[in-house]
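Here's the structure, in structure tokens; my notes come after.
Protein chains: 2
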Amino acid sequence: MSDKLSDAVTKAWVRLVRARHTVVSAVEAECKAAGALPMEWYDVLWDLERHEEGVRPFELEQRLLFAQYNLSRLIDRLVEAGLVKRMACPTDKRGQMLFITEPGKKQRKASWPHYARAVNRHLGDKLTEAETEKLAALLGKLIEPS
Amino acid sequence: MSDKLSDAVTKAWVRLVRARHTVVSAVEAECKAAGALPMEWYDVLWDLERHEEGVRPFELEQRLLFAQYNLSRLIDRLVEAGLVKRMACPTDKRGQMLFITEPGKKQRKASWPHYARAVNRHLGDKLTEAETEKLAALLGKLIEPS
DNA sequence: TTCATATAGATGCAATTGCATCAACTGTCA
DNA sequence: TGACAGTTGATGCAATTGCATCTATATGAA
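Line by line, the protein sequences give chains R and U.
For the first sequence, counting from 1, position 34 maps to 349 in my numbering; every step adds exactly one.
For the second sequence, counting from 1, position 128 maps to 443 in my numbering; every step adds exactly one.
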């Protein structure tokens, strides 16, 4: 029983993977061509920008669903690119606090319109407002903890 | 205008990425722990199994949305593992025909129940039948060519 | 305190991916 | 025909990812 998949579940599974792939690769290709930052970089910068008080890497890891070792190296790259600053964490000597730099803010902001346009084109324009809300609601159920 | 994202579109975009990540990583982790084949291997084998007459790599590329260079090397690995056979293509000397081997069929089949259970658990069980169908229909609209 | 266990983050190494480009055909059109 | 653009698949090299493990510090129980 539990190792039968209904047609509906199979279809939803396949389409979840396909739709995400189709939409994300179209958006990323367009944004890359336009010179925008990669999506992951954008996400980190955006999170840091909304938390001016500083962010711990493990928070980012949880909020953005990164693997720890990938995030660690992504931060390296962001720091090297001058978009993020690492500071020692005052309350935990193991840890660090991350901050977005001015160039980071500038580049994040410059990338935004490209993402907005691309997401509208490849997602927003394909659904009505009501459908979009319905989709978000259904996807929400897949994310909620069990 | 087109570089504004409505709240609904933003939410759907974020959740599309999150939901796929959450569901796929849960499914893959479970299947891997159970000793099942990786999802990509499974997909290729399943496609080959349904096309006993042989499959050209470029067909796989289109049907399964692989990048050409990734597929080329994935096939290398499958051949090396003895799950797939490469044969010269009789009608196009540039090309090849791919076939699943008996061990390939066996392993594909052995992996199936693990995928079925995991997909049921992480997707099917989170939605009603009607919701699942609605989700598939909405995702379908994101895949359809423009 | 003091030891055991858990958490934060980094890193060496192997595997995979992305990019650019190549060689070997095919198919088309003059 | 025969040049030429297009297709099929492979590959060198750099970048990224995954895995396992490590160091340093924190935390909690005895």
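Virtual Cβ for every residue (Gly too), placed ideally from N, Cα, C.
Model, not experiment: these values are computed from the prediction.
Each of V332(R), R335(R), K347(R) was checked against the Cα of W427(R), and the nearest Cα belongs to K347(R).
Take the alpha-carbon of Q377(U) and the one of Q383(U): they are about 9 Å apart. For the stretch 415 to 440 of chain U, the residues whose beta carbon sits under 7 Å from a beta carbon of chain R are, in order, P428, A431, R432, V434, N435, L438, G439. Between V434(U) and V342(U), the CB-CB gap stays under 9 Å. With fewer than three CB-CB distances shorter than 8 Å, the stretch 446 to 454 of chain R does not count as touching the stretch 405 to 421 of chain R. Annotated three-state conformation of F373(R) is helix, per DSSP.
The stretch 381 to 396 of chain R makes no contact with the stretch 324 to 338 of chain R; the number of CB pairs closer than 8 Å stays below 3.
Closer than 9 Å to the CB of G350(R) there is not a single CB belonging to chain U. Here the C-alpha atom of L360(R) lies approximately 10 Å from the C-alpha atom of L352(R). Within chain U, the residues A323, K326, A327, R330 have their CB atoms less than 8 Å from the CB of A451(R), given in chain order. Around the C-beta of A327(U), 16 or more other C-beta atoms lie within 10 Å, and the residue is accordingly described as buried.
Taking 9 Å as the CB threshold, L457(U) lines the interface with chain R.
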